[in-house]
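Mind the numbering: the sequence shown is residues 1 to 325 in the UniProt record's numbering, read in order. Glycine is no exception: its CB is placed at the ideal position from the N, C-alpha and C atoms.
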Amino acid sequence: MPASKEEATSDEEYDENADEDFNPDQAAAEDESSSSEDETAAPKAGKKPAKRKAAPEDELDSGDEATIKERKRKKRKNRDANDSGDDGGLIKTRAQRLVEQAEQSERRRTRIGDVTIDVEEIWNELNSFPIGRPATPPPKPVDEDKSEYEKGKENKASPQQMIKIKRNIEYAGEVTEIEEEVPRNSKEAQIYLKDHPEADPNYKPEDNGQEKLLRPLRRPSMFEPNPAGLVKGVPPDKLRPRAPSRLDVLMAEKRAEEERKKKADKMTTVQKSALDWKGFVEKEGLKDELDTYGKSKDGYLQREEFLGRAQLLREAAGKAARLKG
């Protein structure tokens, strides 16, 4: 009882404002910090809730994930085994690794077979090539590109470029057959060779090695109905075909000659004169002489061209003088 009275009297006598160490703001901040520490410490004391795993999707649940995980696990296991070694987890030295590589190469060689290439040889060959772009060789002359066989073939085929054909011309109502040389690839030559293949120098007649049998013609029998067309009123297609006589052959040739004359080419006076001059030159053998003279400067055509060029120069000079004046 006396102690409690003393405490009560001491509390009543204590004055907060008179205490210099008392700070009301600091006391309020300390109360707030202590309460927050109590709140944060409370959840830590409890047990952490377990995280819920997401349910696997149905479309991914096909067994591939398990296979991939198993392969990754085996790869990690093999990698760890190679790093640590197979002998009780010992680390292999460099010599042991070289021996192991040689054994693997030998096993691969026995399984696949011997290597067909030499890497060292290929490497040396690549190093032997000059560095940079190689210089391009000079172009060969045109004559050297052709082989001797091609040259001989061209020389052999050059005389066969021209062939002789026969054609009919009509001038002043008269049909004349002429013979002239034309290029083998020309249209006229192709048409003529189609009707007369024997005119081609390369033409080879078909020879089967068997002689053609000449069989006698069958004579019509007198017992056949109207054998020689003696009965009138029978259509021609119903008559029996008979063997052509000599007169029939002559008549056929005459008709062919008439058809040939109808197909004759009509020529003008200029064309006829040129054709006659060409025939005269070939007959007299003046072709080479005329060619040589025509290539010289003394020819008529060359002189005519020279005079034409001189006339053009004079006209150009006169025009320039008129423009200046």
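Query: Nearest-angstrom beta carbon gap, Asn168 and Glu179 [assumed within contact, 8 angstroms]; Result: Not a contact, Cβ separation roughly 11 angstroms.
Query: Ordered list of alpha helix (DSSP H) runs contained in the UniProt domain "BCNT-C" (247-325), each at least 4 residues; Result: 269-284, 287-295 and 300-324
Query: Residue nearest to Gly173 in terms of C-alpha spacing, selected from Glu125, Lys262, Glu284 and Leu214; Result: Lys262
Query: 8 angstroms contact criterion, which Pro183 and Met162 should meet: CB distance rounded; Result: 6 angstroms
Query: Whole-Å CB distance - Tyr192 paired with Met267, under 8 angstroms assumed; Result: Between Met267 and Tyr192 the Cβ distance is about 17 angstroms, and since that is not below 8 angstroms, they are no contact.
Query: Whole-angstrom C-beta distance between Leu217 and Asp243, which should lie under 8 angstroms; Result: Here residue 243 turns out to be Ala, not Asp, going by the sequence shown. Correct: roughly 4 angstroms between the Cβ atoms.
Query: Member of Glu181, Ser128 and Glu70 whose CA lies at the smallest distance from the CA of Glu282; Result: Glu181
Query: Local Cβ density within 10 Å of Ile91, reported as buried at 16 or more and exposed below that; Result: exposed
Query: Cβ shell of Lys272 (< 6 angstroms), same chain only, five flanking positions each side left out; Result: Tyr171
Query: Continuous alpha helix (DSSP H) stretch holding Lys194: start and end; Result: Lys187 to Asp195
Query: Paired residues, beta bridge with Glu179 - DSSP; Result: Lys166
Query: Buried or exposed by the 16-neighbour rule on C-beta atoms within 10 Å, applied to Ala189; Result: buried
Query: Unbroken alpha helix (DSSP H) run spanning Ser128, endpoints; Result: Val119 to Ser128
Query: Expected contact under 8 angstroms - CB spacing of Tyr293 and Gly299 to nearest Å; Result: 6 angstroms
Query: C-beta atoms of Val175 and Ala274 nearer than 7 angstroms; Result: no
Query: Spatial neighbours of Ser296 in its chain, beta-carbon cut-off 8 angstroms, leaving aside the 5 residues before and after; Result: Gln302
Query: CA-to-CA distance, Asn202 to Asp248, given in whole angstroms; Result: 35 angstroms
Query: Nearest neighbour of Pro197, chosen from Gly318, Lys166, Trp277 and Phe223 [CA to CA]; Result: Lys166
Query: Spatial distance of Arg260 from Ser186 (CA atoms); Result: 21 angstroms
Query: Between the CA atoms of Lys77 and Asn127 - distance to the nearest angstrom; Result: 42 angstroms
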